[in-house]
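Here the structure is laid out as structure tokens; the discussion comes afterwards.
Numbering (our numbering), first residue to last: 350 to 666.
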């Protein structure tokens with residue numbers, strides 16, 4: 350591939366990933382609304398899974414083609430991006446009120462999942478057996494989120510907007526299913542093109558696949574989360590903005606690495622302890638931030654953004 354073809358591959362791949370994720374989010378959110386699930390639960394599960402679908406498809410594609418550095422780098426980089434860039438931008442747009450459910454349950458779960466990742470990567474690889482355990486973990490997370498929502502009394506018909514879809518105007522089940530299927534098709538096509546372009550960039554620049562995964566691939570696959578949280582923040586849908594970022598981090602570790610390693614055992618080649626430590630730092634730091642008046646303030650968003658760009662600068666040097 351020449352430079353023009355590489356550029357076109359990356360741009361076309363990102364467009365396919367974004368369009369596919371957007372279609373998947375709208376279809377799955379609409380189905381969830383018809384089921385009467387609350388905005389916070391939708392953000393933590395349905396939207397989080399849908400917006401994490403580019404990471405999942407890209408990582409599975411990379412695993413099948415024997416590019417393990419992209420898989421782990423994509424997950425770690427995306428998790429850093431979700432907190433540093435996405436929550437940072439969302440908080441700068443509008444200070445976000447945090448529900449006690451996030452502080453007491455969801456953010457601690459995200460932190461625990463982060464430590465599970467450190468434990469799994471202790472031997473620098475993820476086996477099929479460990480992948481199965483991670484997949485069991487994501488199913489347990491979804492089921493527990495639903496059960497806790499029922500216990501908290503938040504399983505109800507939402508009157509709020511989710512991804513621009515009013516609850517009273519949720520699409521028919523057939524249209525929602527078509528959006529989901531079409532979105533998956535775009536995701537698969539976009540992932541194929543994007544991974545090929547990313548690998549070529551790594552070869553041309555002479556850098557490791559992990560660096561490409563931590564930066565370009567992570568940012569490219571995190572675009573759906575970024576757009577979702579920005580739109581939600583402008584609409585003051587704080588539940589979706591925060592729940593999307595927190596839920597996506599859980600899905601990235603448990604489902605993306607889980608399914609990828611079951612398909613083909615992967616190694617963390619190129620992803621160092623510093624990268625993992627920075628990921629954990631970002632995950633942990635939002636807990637005290639969210640407890641300070643139960644509001645993510647603009648200056649806290651600025652701190653997260655500054656930390657993210659400092660990390661990117663560290664990788665570039």
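All residues carry an ideal CB built from backbone N, CA and C; glycine is no exception.
Integer Cβ distance of residue i from residue j, believed to fall under 8 Å
| i | j | result |
| --- | --- | --- |
| residue 439 | residue 582 | 4 Å |
| residue 432 | residue 648 | About 16 Å separates the two Cβ atoms, so there is no contact after all. |
| residue 671 | residue 423 | This structure does not reach residue 671, given that the chain is present from 350 up to 666, and the question cannot be answered. |
| residue 585 | residue 459 | Contact flag wrong, Cβ pair sits at about 23 Å. |
| residue 605 | residue 408 | 5 Å |
| residue 578 | residue 452 | Actually they are not in contact, since the Cβ atoms of residue 578 and residue 452 sit about 18 Å apart, beyond 8 Å. |
| residue 378 | residue 532 | Actually they do not touch by this definition, with Cβ atoms about 11 Å apart. |
| residue 540 | residue 406 | 4 Å |
| residue 559 | residue 421 | 7 Å |
| residue 658 | residue 444 | About 21 Å separates the two Cβ atoms, so there is no contact after all. |
| residue 525 | residue 380 | 5 Å |
| residue 643 | residue 356 | Not confirmed; about 45 Å, so no contact. |
| residue 442 | residue 575 | Not quite, the Cβ-Cβ distance comes to about 12 Å (not below 8 Å), so this is no contact. |
Three-way DSSP call (helix, strand, coil) for residue i in this model
| i | result |
| --- | --- |
| residue 459 | helix |
| residue 620 | coil |
| residue 647 | helix |
| residue 584 | coil |
| residue 513 | Note on residue 513: pLDDT 47, under 50, position unreliable in the model; no value is reported. |
| residue 565 | helix |
| residue 424 | helix |
| residue 666 | coil |
| residue 556 | coil |
| residue 431 | helix |
| residue 414 | coil |
| residue 521 | coil |
| residue 628 | helix |
| residue 597 | helix |
| residue 351 | coil |
| residue 571 | coil |
| residue 401 | coil |
C-beta contact flag for residue i and residue j at 8 Å
| i | j | result |
| --- | --- | --- |
| residue 522 | residue 375 | no |
| residue 426 | residue 564 | yes |
| residue 607 | residue 419 | no |
| residue 722 | residue 660 | Examination of residue 722 is not possible in this model, given that the chain is present from 350 through 666 alone. |
| residue 653 | residue 437 | yes |
| residue 413 | residue 612 | yes |
| residue 446 | residue 593 | no |
| residue 610 | residue 479 | yes |
| residue 401 | residue 614 | no |
| residue 570 | residue 352 | no |
| residue 543 | residue 362 | yes |
| residue 483 | residue 603 | yes |
Beta-ladder partner(s) of residue i, from DSSP
| i | result |
| --- | --- |
| residue 608 | Its beta-bridge partners do not exist; DSSP assigns none. |
| residue 474 | 616 |
| residue 446 | 644 |
Per-residue burial, residue i [other beta carbons within 10 Å of its own, 16 or more giving buried]
| i | result |
| --- | --- |
| residue 410 | buried |
| residue 641 | exposed |
| residue 354 | exposed |
| residue 573 | buried |
| residue 622 | exposed |
| residue 534 | exposed |
| residue 517 | Confidence at residue 517 is low in this model, with a pLDDT of 45, below 50, so the placement of that residue is unreliable and no value is reported for it. |
| residue 473 | exposed |
| residue 456 | buried |
| residue 415 | exposed |
| residue 626 | exposed |
| residue 461 | exposed |
| residue 590 | buried |
| residue 637 | exposed |
| residue 467 | exposed |
| residue 328 | In the structure as shown, the chain starts at 350 and stops at 666, and residue 328 therefore has no counterpart that could be examined. |
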